């Protein structure tokens, strides 16, 4: 990299590469309104609505056609506005800092200023001293940068990027080492990240070689995952289309019947065409999309009141099915940083008592405090100390002062100009508080300063960082190391490590503290300043003296435990996906009881193939065990689940898997067979890169989980977009990708979203069932009337469609969500036993009572085929003849029409009341005041029309006069219909069949044990009803349930601790991997 690419590109080579690689731009094109309109209008529903409107217009049914057109236009405009707004937000986010002016070095040592769009891989970019937004991925070859990588990692912590080591100046480095983004992350400036400031030495500018441009960059990949996510499938919408196909089939039967019946009765061809096509628009209601959208719109409004904003309304329904939530850790479950709990120093190989503060006067010159003062990666940005929160808290705890060389000083010296730390003025007495402004202060007798000569940044692979420092006035330098206690202890001389080290460490980790160990070594006098700059860290990090422990606390947000407890009670599984350290993540998972105290955590440490050896997974406990108990680990058996436990994903489990991003990548590549088993019980996924978070969500979805994702950083964007329900706690970049954004950065939005999702889903079921019944009721009414060559009148249709159906649909959707999150989950699709029984039983009841009314009216003694001269009501002949002036072309006026109009009008209201259910997902219907008022008003109005006929109203609706006795008979038929419908829905379905046959989501009993899917309270009753209903015991449909069932009887699962699983290369016959477990 240094030898071949550090000189820059010639103008000719640059132009050639630009042709090859293209423009360095991440462009998000905003489609025109016309394109979006065409795409939206080509939806099958809108095409069918257009067909219906044209048909109704030819039949002079203008009023309802106008209403449908109006609703469709509003729906299209709303949809276009939302989609356009999303595109604009994403475009603005990308364009805001995609195109900047940059300075590049050419091969002839010239400096040229160009647009960032002209950059190509191989260009040498000069990073300006005051920082910039990186327009590409580049590798730093000279100088140092302070970078904010929150765009990628979600952690808004300045990171120090150092230049890539030059192998030619360091014989220890491999000459043929190949650049790798992951390995050389500490030297790579990623696209979209913010370079806050740079440091250069002896006038040498900060240079970086461009390695990736455009959509190939880290930011480009993130934007691509937002723009083109894998489509999210939802059973409700699949079932809805299947149900509509059934209605189309029913409509086809009606179409054929109408055509045949009309031909036999010699009806004119024009009328045959209109009436036969009209039966299709009756069976498949064009108002269905608007009706289904109503509940979602109301849910969206309620979510807005809760501070949750939605840019993808269709996802609200899917949120009702969520059974697994992935949480980011930092800023989501916990506060944004760590707090110092205390320190525990070591003297004479023994731990002293823990101390709350490290800033006492007696410790100022101790090696322990010197390590805390120097072993960090802090820097000053605009005079403010910035860096890793852990380092910041540690440095603030001792109250020292950090001074950096200015740009002028740096330019005058070489790159050995050190950062200096020194103690503050100390309080005169120990009795006065350290933060008192009125304390007496004194200066240390001699000037005590420490210069940080060289830093070895924290390495997640090594789990430590190191520095070389020198106390002012002393000849020999010091080496300090800070890192994971087990790692640091191994670098120290055994005689300096306390014998109870493991016991003390275990005690802290079990309490959920983050423990950092410190070590020190006095370097030999022969190691000079210049030699330190080229020395390897291996030469420094050995034979050290163990100094003690720093105990940090990552505080949970106050609301976290309560929210997770609510989710646990609701049988919703929780997973932590974080970019943070795994030990910290496991500790936080235990603190918030995502992992219960008695549960075991098995860490899967996967290693890629190396030196001819196959990939392997090492299994071990996450809990730190005392050395005296190490031998007992092999004998400890992880409790297996009882066969009587539920197959649901939320059963009481006794073990959890934890892994980091590197292990996850190895398992994804080499252990595909094991992956479903691991994600089934995987709870902690640490050090996960943005694309790995997305992959994890996809793997969980592959085993049929409905996955929610809650995060607050741009690194969560892909996962937020891919999840069934992604909710961002940030209103910045993440909100562009996330379907939901919470105004308040609190996870209380998660149960609120699920509650509203469940309410919206049940509302969708209610509306769909109601619209299906409305179609079938009207279809059967019209079919019966077609049999006597009659039909419903235009204003009868209008009254039913507008006054009854639309009013009921838009008010029955107003039920708010139930106040608590319950363990029971709503069904995911329409094709389920309970829903089908509900719809089919109500169809049979309505058809039976309509047929009864149609047949009974013909049996009445006053009945005759109605003519303008008919006088069944015995009205005066003057009034009677006054009504005979109009000619009835369509044979609307007859006794059958009047009877069926009243009976069917009541049937719509009956099924609306029956289907509008409350608990456990929605508030009871009687609390939906608008619905109650609307239904009662319509009942009263239709009852008034039926029992007290008014001539002008009868004329408007084309009704005929029938005797009062028949009106009473109709009333009794309607009451009988209502009682039968209510009995079947509430008693037969909700109590008998639901509890004994259909209940697959039964809540836990007092012993917190869930029953298997078809287990009944009454075994004999279940067997009988199951036989009658053709219900057989089936294998669970969800893959994760089926997998859990298999693992229950697998004696080799979970893997035993301190064992290894190896993956053998795939055989030629098939691609499966042979898993070999080695103890």
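Residue numbers (the numbering used here): 21 to 1099. Every residue, glycine too, gets a C-beta built ideally from N, C-alpha and C. As the structure is a prediction and not an experimental result, all values here were calculated from the model.
Under the three-state DSSP convention, the category residue i falls into
{"i": "residue 152", "result": "strand"}
{"i": "residue 886", "result": "coil"}
{"i": "residue 11", "result": "Nothing about residue 11 can be reported from this structure: the residues present for the chain run from 21 to 1099 only."}
{"i": "residue 803", "result": "helix"}
{"i": "residue 411", "result": "helix"}
{"i": "residue 335", "result": "helix"}
{"i": "residue 119", "result": "coil"}
{"i": "residue 544", "result": "coil"}
{"i": "residue 168", "result": "strand"}
{"i": "residue 266", "result": "helix"}
{"i": "residue 625", "result": "strand"}
{"i": "residue 346", "result": "strand"}
{"i": "residue 631", "result": "coil"}
{"i": "residue 1057", "result": "coil"}
{"i": "residue 640", "result": "strand"}
{"i": "residue 214", "result": "strand"}
{"i": "residue 941", "result": "coil"}
{"i": "residue 849", "result": "coil"}
{"i": "residue 163", "result": "coil"}
{"i": "residue 341", "result": "coil"}
{"i": "residue 533", "result": "coil"}
{"i": "residue 590", "result": "coil"}
{"i": "residue 675", "result": "strand"}
Supposed close pair residue i, residue j - CB separation, criterion 8 Å
{"i": "residue 509", "j": "residue 537", "result": "6 Å"}
{"i": "residue 316", "j": "residue 333", "result": "5 Å"}
{"i": "residue 779", "j": "residue 941", "result": "6 Å"}
{"i": "residue 338", "j": "residue 744", "result": "5 Å"}
{"i": "residue 7", "j": "residue 690", "result": "Within the shown structure, residues of the chain are numbered from 21 to 1099, placing residue 7 beyond reach of any answer."}
{"i": "residue 346", "j": "residue 717", "result": "7 Å"}
{"i": "residue 577", "j": "residue 359", "result": "Going by Cβ atoms, the distance from residue 577 to residue 359 rounds to 13 Å, so no, they are not a contact pair."}
Neighbour-count burial assignment, residue i, 16 or more Cβ in a 10 Å radius
{"i": "residue 579", "result": "exposed"}
{"i": "residue 133", "result": "exposed"}
{"i": "residue 59", "result": "exposed"}
{"i": "residue 566", "result": "buried"}
{"i": "residue 395", "result": "buried"}
{"i": "residue 121", "result": "exposed"}
{"i": "residue 887", "result": "exposed"}
{"i": "residue 105", "result": "exposed"}
{"i": "residue 550", "result": "exposed"}
{"i": "residue 618", "result": "exposed"}
{"i": "residue 35", "result": "exposed"}
{"i": "residue 321", "result": "exposed"}
{"i": "residue 884", "result": "exposed"}
{"i": "residue 960", "result": "exposed"}
{"i": "residue 266", "result": "exposed"}
{"i": "residue 28", "result": "buried"}
{"i": "residue 614", "result": "buried"}
{"i": "residue 32", "result": "exposed"}
{"i": "residue 370", "result": "exposed"}
Interface flag, residue i vs chain B, CB-CB below 7 Å
{"i": "residue 618", "result": "Among the protein chains of the structure shown there is no chain B, as only one such chain exists."}
>> Whether or not the stretch 61-80 and the stretch 36-47 are in contact is what I'm after, with contact meaning three or more pairs of Cβ atoms, one per stretch, closer than 8 Å; do they touch?
In response: The stretch 61-80 and the stretch 36-47 do not touch, with fewer than three beta-carbon pairs separated by less than 8 Å.
> Could you give the uninterrupted runs of the beta strand (DSSP E) lying entirely in the stretch 467-531, keeping only those of 3 residues or more?
Replying inline: Taking only runs of at least 3 residues, the beta strand (DSSP E) segments lying wholly in the stretch 467-531 are 470-479, 484-491 and 498-503.
>> Contact between the stretch 920-929 and the stretch 983-998 is defined here as three or more beta-carbon pairs at a separation below 8 Å; is this criterion met?
In response: Segments in contact, yes.
>> Which runs of the alpha helix (DSSP H) at least 4 residues long sit entirely within the stretch 677-760? Give them in chain order.
In response: With a minimum length of 4 residues, the continuous alpha helix (DSSP H) runs that stay inside the stretch 677-760 are 681-690, 695-701, 710-722, 737-742 and 753-757.
>> Can you confirm whether the stretch 320-330 touches the stretch 765-776 when touching is taken to mean that 3 or more C-beta pairs between the two stretches lie within less than 8 Å?
In response: Yes, they touch.
>> Three or more C-beta pairs under 8 Å: does that hold for the stretch 944-957 against the stretch 776-796?
In response: Of all C-beta pairs linking the stretch 944-957 to the stretch 776-796, fewer than three are shorter than 8 Å, placing the two stretches out of contact.
> Would the stretch 969-984 and the stretch 814-824 be scored as touching if the rule is three or more Cβ pairs under 8 Å?
Replying inline: In short, these stretches touch, since the Cβ pair count reaches three.
> Using 8 Å as the Cβ pair cut-off and three pairs as the minimum, do the stretch 269-288 and the stretch 799-807 touch?
Replying inline: Yes: at least three Cβ pairs fall under 8 Å.
>> With a threshold of 8 Å, are at least 3 pairs of Cβ atoms found where one atom belongs to the stretch 533-547 and the other to the stretch 556-571?
In response: Between the stretch 533-547 and the stretch 556-571 there are three or more C-beta pairs closer than 8 Å, enough to call the two in contact.
>> Three Cβ pairs or more, each shorter than 8 Å: is that satisfied between the stretch 388-404 and the stretch 483-502?
In response: Yes, since at least three Cβ pairs between the stretch 388-404 and the stretch 483-502 fall closer than 8 Å, the two stretches touch.
> Is the stretch 1001-1009 touching the stretch 857-867, taking contact as three or more C-beta pairs under 8 Å?
Replying inline: With a cut-off of 8 Å, the stretch 857-867 and the stretch 1001-1009 count as touching, because enough Cβ pairs lie within range.
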